[in-house]
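First residue of the first sequence: 7, per this note's numbering; consecutive thereafter.
C-beta atoms are modelled at their ideal positions from N, C-alpha and C, and glycine is treated no differently.
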Amino acid sequence: MLRTLILERLESILAEAGYDFEFNIEIPDEKFGDYSSNVALIGARYFKKPPIEVANYFVEKLNSDPLFSEINVAGPGFINFKISKEYYHDILNEILSKEDKYWKPDRKGIKIQFEYGSANPTGPFTVGHGRQLIIGDVLSKVFKFLGYDVTREMYLNDAGRQIRLLGRSLWVRYNELFGKAYDLPEDGYKGIYLIDIAKKLKEEVGEKYVEQWNDDIEKFFMEYSVDNILKMMNNTLEKLDNTFDSVVKESSIIEKGLVDEVLEMFKNKNLVYEKDGALWLKVSELINEEDKVLIRSDGTYTYFMTDIAYHYDKFLRKFDKVYDIFGSDHHGHIPRMKASMKALNIPDKFLDFILHQFVTLKRNNQIVKMSTRSGEFVTLDELIDEVGKDATRYFFAMNDINTHLNFDLELAKSKTVDNPVFYVQYAYARINSVFEKAREKGITFRLKEDLEELSKDSELSLIKMLDELSFVLKDLTEKLSPHILTNYVYNLSEKFHSYYAKEKILDVENLSLSNARLNLLKALKITYEVVFRLLGISAPQYM
RNA sequence: GUGCCUGUAGCUCAAUUGGAUAGAGCACUGGACUCCGGAUCCAGAGGUUGCGGGUUCAAUUCCCGCCAGGCACGCCA
Numbered sequence: 007m008l009r010t011l012i013l014e015r016l017e018s019i020l021a022e023a024g025y026d027f028e029f030n031i032e033i034p035d036e037k038f039g040d041y042s043s044n045v046a047l048i049g050a051r052y053f054k055k056p057p058i059e060v061a062n063y064f065v066e067k068l069n070s071d072p073l074f075s076e077i078n079v080a081g082p083g084f085i086n087f088k089i090s091k092e093y094y095h096d097i098l099n100e101i102l103s104k105e106d107k108y109w110k111p112d113r114k115g116i117k118i119q120f121e122y123g124s125a126n127p128t129g130p131f132t133v134g135h136g137r138q139l140i141i142g143d144v145l146s147k148v149f150k151f152l153g154y155d156v157t158r159e160m161y162l163n164d165a166g167r168q169i170r171l172l173g174r175s176l177w178v179r180y181n182e183l184f185g186k187a188y189d190l191p192e193d194g195y196k197g198i199y200l201i202d203i204a205k206k207l208k209e210e211v212g213e214k215y216v217e218q219w220n221d222d223i224e225k226f227f228m229e230y231s232v233d234n235i236l237k238m239m240n241n242t243l244e245k246l247d248n249t250f251d252s253v254v255k256e257s258s259i260i261e262k263g264l265v266d267e268v269l270e271m272f273k274n275k276n277l278v279y280e281k282d283g284a285l286w287l288k289v290s291e292l293i294n295e296e297d298k299v300l301i302r303s304d305g306t307y308t309y310f311m312t313d314i315a316y317h318y319d320k321f322l323r324k325f326d327k328v329y330d331i332f333g334s335d336h337h338g339h340i341p342r343m344k345a346s347m348k349a350l351n352i353p354d355k356f357l358d359f360i361l362h363q364f365v366t367l368k369r370n371n372q373i374v375k376m377s378t379r380s381g382e383f384v385t386l387d388e389l390i391d392e393v394g395k396d397a398t399r400y401f402f403a404m405n406d407i408n409t410h411l412n413f414d415l416e417l418a419k420s421k422t423v424d425n426p427v428f429y430v431q432y433a434y435a436r437i438n439s440v441f442e443k444a445r446e447k448g449i450t451f452r453l454k455e456d457l458e459e460l461s462k463d464s465e466l467s468l469i470k471m472l473d474e475l476s477f478v479l480k481d482l483t484e485k486l487s488p489h490i491l492t493n494y495v496y497n498l499s500e501k502f503h504s505y506y507a508k509e510k511i512l513d514v515e516n517l518s519l520s521n522a523r524l525n526l527l528k529a530l531k532i533t534y535e536v537v538f539r540l541l542g543i544s545a546p547q548y549m
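As C-alpha cells, this is what we get:
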C-alpha cells in the first residue's frame, strides 16, 4: 500500500532527527502530485524552523529514492510526491497475482460482534430496519474480509408484554373471522398481517379457539403469532441476502438465569432498591440520569433489565468488542447501558453503539407517508419487491449513517445514468464486454505481461485507486459507515468510464499495448468483484 | 426545558477526522462515435459551508453563543 510506504520513509527520517509525532499522507489535487504530506507543516514547531525549510530537509533525504519519480515542496510547506511508473507496474502485477488477498492485511482473529436488526417479533421489518440491516451486514462483511472473527447477531424480544399483546391481537382477529367481535387491546397490533396469520390459523384448527380464552390458549396464540412473524422476517432477510450467524431470544437469556445473576451482582453493590412495588436500578448513582425500573410491579422484567443481562452474556462469550447498531431514536438507552456495564466491571471499551438516522421514502418528489394504516407503504418487503435487492442494498448503504436518508423510489428503479447502482454495475459489465470483444478480434490475453506499456497518467491513476482500496476499508472500519465504500466504487467507475472514452483498449495494430490495458481491466474487474461482494450486490456480466 | 444528530450549489449528497482554488450526480446550457456497449464521455455556469464570535501557519471540520429541522427524555422496546 503506497500510503504506508511513504509514511514509513517519512517516519524513519523523523526518527533519525529524534522526533516522533502524528502527520498525514493524503491524496491532493492531481496537479500537485500523487500523494502529499503535511509532515513539514506539523514538524515546523518541533524542528523550530519554517515549514519550507523542514520540507526541503525531507526532500533532500528522499531524492534518490526509487519509489518517487518527483518530489517537490509547494504552498505553505506541503511535500508532494509523484510515484515512479515502475512502481505502479509492480502494484498492478501484485494485484493480478494475489487478487483479493492484495487488500487483506495480516491480522489475528479479533473476536468482534455486531448486533443489528434486533426487533420485537411483532410485525414485519420496516424500512427503517432495512437501513440498519444493510449497515450491519456491510460492516460485518468488511471486518470479516479484513481478518476479524465476526459474529452477526440479532436479538429478539420474544418475552415481554408486547408479545402478550400480540397474542391477544391475533386472537381478536381470529374471532373476527367467525363473526365474533372483540376489541383489540389498547396498544394492540392493528397491522393487516395479523389478519393473514389468523386466516392461516383458521384453516389449520377450524373453530377450536373461538370465544375460548385461558392461560394455555394465550400461550398458544403468543407462540403461534411469533413463529409466523419470524417466518415473514426470515423471508425478507432471504430476499436481501442478509444472513445472521446467531439469533438470540430474550427468553433464553432469562432461562439461562443471567437476569438473576446480574441482579445478584447489583444487590451486592447496593445498586438496587424497591419503590412502588417495583425494583429500581440506581442509575443516578452511576451517571447523571434518572433511576430506571428493572422489575415492574407486576413482576415482569423491563427491556432494560434483560438487555443488561444479554450484554453480560456477550461479555461471558468473550468478545473483544461488541457493537450495537440502533436507530437514533434509541440513543437515550446508551448512557445507562454503558453505566450498567461499568457496574458489572466490564471494561468501557467492550461495548460501543452505532447510531443511524432515519429513512424517508420519496416517490415523484413526494414524501411517502409511513404509518401503520393499511394500504400505505411501510414494509421492507414491499420496498425490495418494488426496487429490487441491489438497489435496496446500495441505497441504504449510500449515505453517511449520521445523516437522514432520502430514498428516492423512482431513482432506485430507473435504468439510467442517474441511478448510481446502474452506473457502477454498468462499468463492470463494460469491462466484461471488452474481454468478449478481445476474443472476437483474436487478441489473446496474456496475464501479467506487457505491463510496462502502461504510461498514461489516467492509467497510473487508476492503479493508484485500486491500491487505495486498502485505505478505504481501513477508513470504513473507523468511521463505521458503509457510504465510504459506495463512494469509492462510484468514483472508481467515473475514472474508468472516463478512461474508456478517451483511450482505445483494443488495437490490433498494437497488441502489446492492448494486452497491457487488458491487464489493467482485469485488475479493475477483480476490484469490482471484491467491492460488490462486500456491498452484497450482484456483479452482472451483461445488463 | 435537558441530551443526541443534522444544516454545504435550485435538488440529492461528498470532502482523505485541521490542509492547498470546498467536490460529484441530477436539473440547466453547449458539444462527442460509420469506431472496444451513447445505460457512456467532454466543456460551461452554479457557493459568504444556517448566523455571529474564538483557537492557528491553515476551520465545512475543533470550542462558545444563537437560529432552524429530526429524535429522545415511560413500570414502551
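| message | Could you tell me which whole beta strand (DSSP E) segments of length 3 or greater appear in the region 406–466? | response | 411–414
| field | Nearest-angstrom Cα separation, counted from residue 171 out to residue 296 | value | Mapped onto the first sequence, residue 296 falls at position 290. Mapped onto the first sequence, residue 171 falls at position 165. Near 28 angstroms, if we compare the C-alpha coordinates of residue 171 and residue 296.
| message | Here's a check: name, in chain order, each residue in its chain whose Cβ is nearer than 6 angstroms to the Cβ of residue 122, leaving out the five neighbours to either side. | response | As a working note, residue 122 is residue 116 in the first sequence. If we look at residue 122 and ignore the five residues flanking it on each side, its Cβ neighbours are 138, 142, 331.
| field | Alpha-carbon to alpha-carbon, residue 412 and residue 363 | value | On the first sequence, position 357 is the one that residue 363 refers to. On the first sequence, position 406 is the one that residue 412 refers to. Distance between the alpha carbons of residue 363 and residue 412: 11 angstroms.
| field | Sub-7 angstroms separation of residue 60 and residue 77 beta-carbons | value | The residue you call residue 60 lines up with position 54 of the first sequence. The residue you call residue 77 lines up with position 71 of the first sequence. No; because the gap between Cβ atoms is not below 7 angstroms, this pair is not in contact.
| field | Rounded separation between residue 510 and residue 440 - CA only | value | Taking the first residue of the first sequence as position 1, residue 510 is located at position 504. Taking the first residue of the first sequence as position 1, residue 440 is located at position 434. Taking the straight line joining both Cα atoms gives about 10 angstroms.
| said: Buried or exposed for residue 538, going by 16 or more other Cβ atoms inside 10 Å? | reply: One-based indexing of the first sequence puts residue 538 at position 532. It is buried - the Cβ of residue 538 has at least 16 other Cβ atoms within 10 Å.
| query | Straight-line CA distance for residue 130 to residue 228? | reply | The residue labelled residue 130 in the question sits at position 124 within the first sequence. The residue labelled residue 228 in the question sits at position 222 within the first sequence. Residue 130 and residue 228 have their C-alpha atoms some 16 angstroms from each other.
| Beta-carbon gap between residue 488 and residue 545 smaller than 7 angstroms | Along the first sequence, one-based indexing puts residue 488 at 482. Along the first sequence, one-based indexing puts residue 545 at 539. No, these two residues do not count as a Cβ contact at 7 angstroms.
| Where do the ends of the alpha helix (DSSP H) carrying residue 170 lie? | The residue you call residue 170 lines up with position 164 of the first sequence. That run of the alpha helix (DSSP H) goes 167–182.
| task | In angstroms with no decimal places, state the Cα-to-Cα distance between residue 523 and residue 81. | result | The residue labelled residue 523 in the question sits at position 517 within the first sequence. The residue labelled residue 81 in the question sits at position 75 within the first sequence. One C-alpha to the other measures close to 36 angstroms.
| query | With distances taken between CB atoms, is the gap from residue 417 to residue 369 smaller than 7 angstroms? | reply | As a working mapping, residue 417 is identified with position 411 in the first sequence. As a working mapping, residue 369 is identified with position 363 in the first sequence. Not in contact: residue 417 and residue 369 (Cβ atoms no closer than 7 angstroms).
| field | Residues that DSSP places opposite residue 92 in a beta bridge | value | By one-based count along the first sequence, residue 92 stands at place 86. According to DSSP, residue 92 bridges with nothing at all.
| query | What is the DSSP secondary structure of residue 25, counted as helix, strand or coil? | reply | As a working note, residue 25 is residue 19 in the first sequence. Residue 25: coil per DSSP, three-state reduction.
| task | Quick one: give me the first and last residue of the alpha helix (DSSP H) that residue 317 is part of. | result | Residue mapping note: residue 317 aligns to position 311 of the first sequence, counting from 1. First-last of the alpha helix (DSSP H) with residue 317: 309–322.
| request: Look at residue 499 and residue 429 and say whether their C-beta atoms are less than 7 angstroms apart. | output: Within the first sequence, residue 499 is the residue found at index 493, counting from 1. Within the first sequence, residue 429 is the residue found at index 423, counting from 1. Yes, the Cβ-Cβ distance between residue 499 and residue 429 is below 7 angstroms.
| From residue 549 to residue 258, what distance separates their C-alpha atoms? | The sequence position of residue 549 within the first sequence is 543, counting from 1. The sequence position of residue 258 within the first sequence is 252, counting from 1. Answer to the nearest angstrom: the Cα atoms are 47 angstroms apart.
| What residue does the alpha helix (DSSP H) around residue 136 start on, and which one ends it? | By one-based count along the first sequence, residue 136 stands at place 130. It spans 133–151 - the alpha helix (DSSP H) in which residue 136 sits, taken as one unbroken run.
| message | With three or more C-beta pairs closer than 8 angstroms as the rule, is the region 513–528 touching the region 445–455? | response | yes
| task | Please classify residue 328: does DSSP put it in a helix, a strand, or coil? | result | As a position in the first sequence, residue 328 is number 322, starting the count at 1. Correct three-state label for residue 328: strand.
| message | One question on the structure: do residue 88 and residue 75 come within less than 7 angstroms of each other, judged by their Cβ atoms? | response | One-based indexing of the first sequence puts residue 88 at position 82. One-based indexing of the first sequence puts residue 75 at position 69. Taking 7 angstroms as the Cβ cut-off, residue 88 and residue 75 qualify as a contacting pair.
| query | Candidates 260, 393, 324, 467: which alpha carbon is nearest residue 116's? | reply | If you number the first sequence from 1, residue 116 lands on position 110. Checking every option, the nearest Cα to that of residue 116 belongs to 324.
| Does the region 157–165 touch the region 249–269, meaning 3 or more C-beta pairs lie closer than 8 angstroms? | Yes: at least three Cβ pairs fall under 8 angstroms.
| query | Tell me the DSSP bridge mates of residue 357? | reply | Position 351 of the first sequence, counted from the first residue, corresponds to residue 357. Its beta-bridge partners are 328.
| Distance, residue 90 Cα to residue 73 Cα | What you label residue 73 is simply residue 67 of the first sequence in a count that begins at 1. What you label residue 90 is simply residue 84 of the first sequence in a count that begins at 1. The straight-line gap from Cα to Cα measures roughly 6 angstroms.
| task | With DSSP collapsed to three states, give me the class of residue 279. | result | Along the first sequence, read from residue 1 onward, the residue named residue 279 stands at position 273. Here residue 279 sits in strand by DSSP.
| So, are the CB atoms of residue 256 and residue 125 less than 7 angstroms apart? | Against the first sequence, residue 256 aligns to sequence position 250. Against the first sequence, residue 125 aligns to sequence position 119. No, Cβ-Cβ distance for residue 256 and residue 125 is not below 7 angstroms.
| said: Among the candidates 241, 443, 390, whose CA atom is the shortest distance from the CA of residue 419? | reply: As a first step, residue 419 must be located in the first sequence, where it is residue number 413. Taking only the C-alpha atoms, the option nearest residue 419 is 390.
| Just reading off the beta strand (DSSP E) that residue 120 is part of, what are its end residues? | Stepping through the first sequence from its first residue, residue 120 is reached at position 114. Start and end: 117–121.
| task | Count the C-beta pairs between the region 203–221 and the region 344–358 that are closer than 8 angstroms, then say yes if the count reaches three, no if not. | result | Too few Cβ pairs lie closer than 8 angstroms, so no.
| said: With DSSP as the reference, identify every bridge partner of residue 42, one or two as the case may be. | reply: Taking the first sequence and counting its residues from 1, the one referred to as residue 42 is at position 36. In the DSSP output, where bridge partners are listed per residue, residue 42 has 32, 86.
| request: Check the C-beta distance from residue 163 over to residue 309 and give it rounded, since I have them as a contact under 8 angstroms. | output: Here residue 163 refers to the residue found at position 157 of the first sequence. Here residue 309 refers to the residue found at position 303 of the first sequence. Between residue 309 and residue 163 the Cβ distance is about 7 angstroms, and since that is below 8 angstroms, they are a contact.
| field | Proximity winner among 105, 526, 12, relative to residue 456 (alpha-carbon distances) | value | Your numbering for residue 456 matches position 450 in the first sequence. Taking only the C-alpha atoms, the option nearest residue 456 is 526.
| task | Look up residue 66 in the DSSP assignment and say whether it is helix, strand or coil. | result | Mapped onto the first sequence, residue 66 falls at position 60. Residue 66 falls in the helix class under three-state DSSP.
| field | Span of the alpha helix (DSSP H), counted from its first residue to its last, around residue 244 | value | Counted from its first residue, the first sequence places residue 244 at position 238. It spans 221–245 - the alpha helix (DSSP H) in which residue 244 sits, taken as one unbroken run.
| Considering only residues of the same chain and omitting the five flanking positions on each side of residue 38, which have a CB-CB separation below 8 angstroms? | By 1-based counting over the first sequence, the position of residue 38 is 32. Once the five neighbours on either side are set aside, the close Cβ partners of residue 38 are 80, 84, 86.
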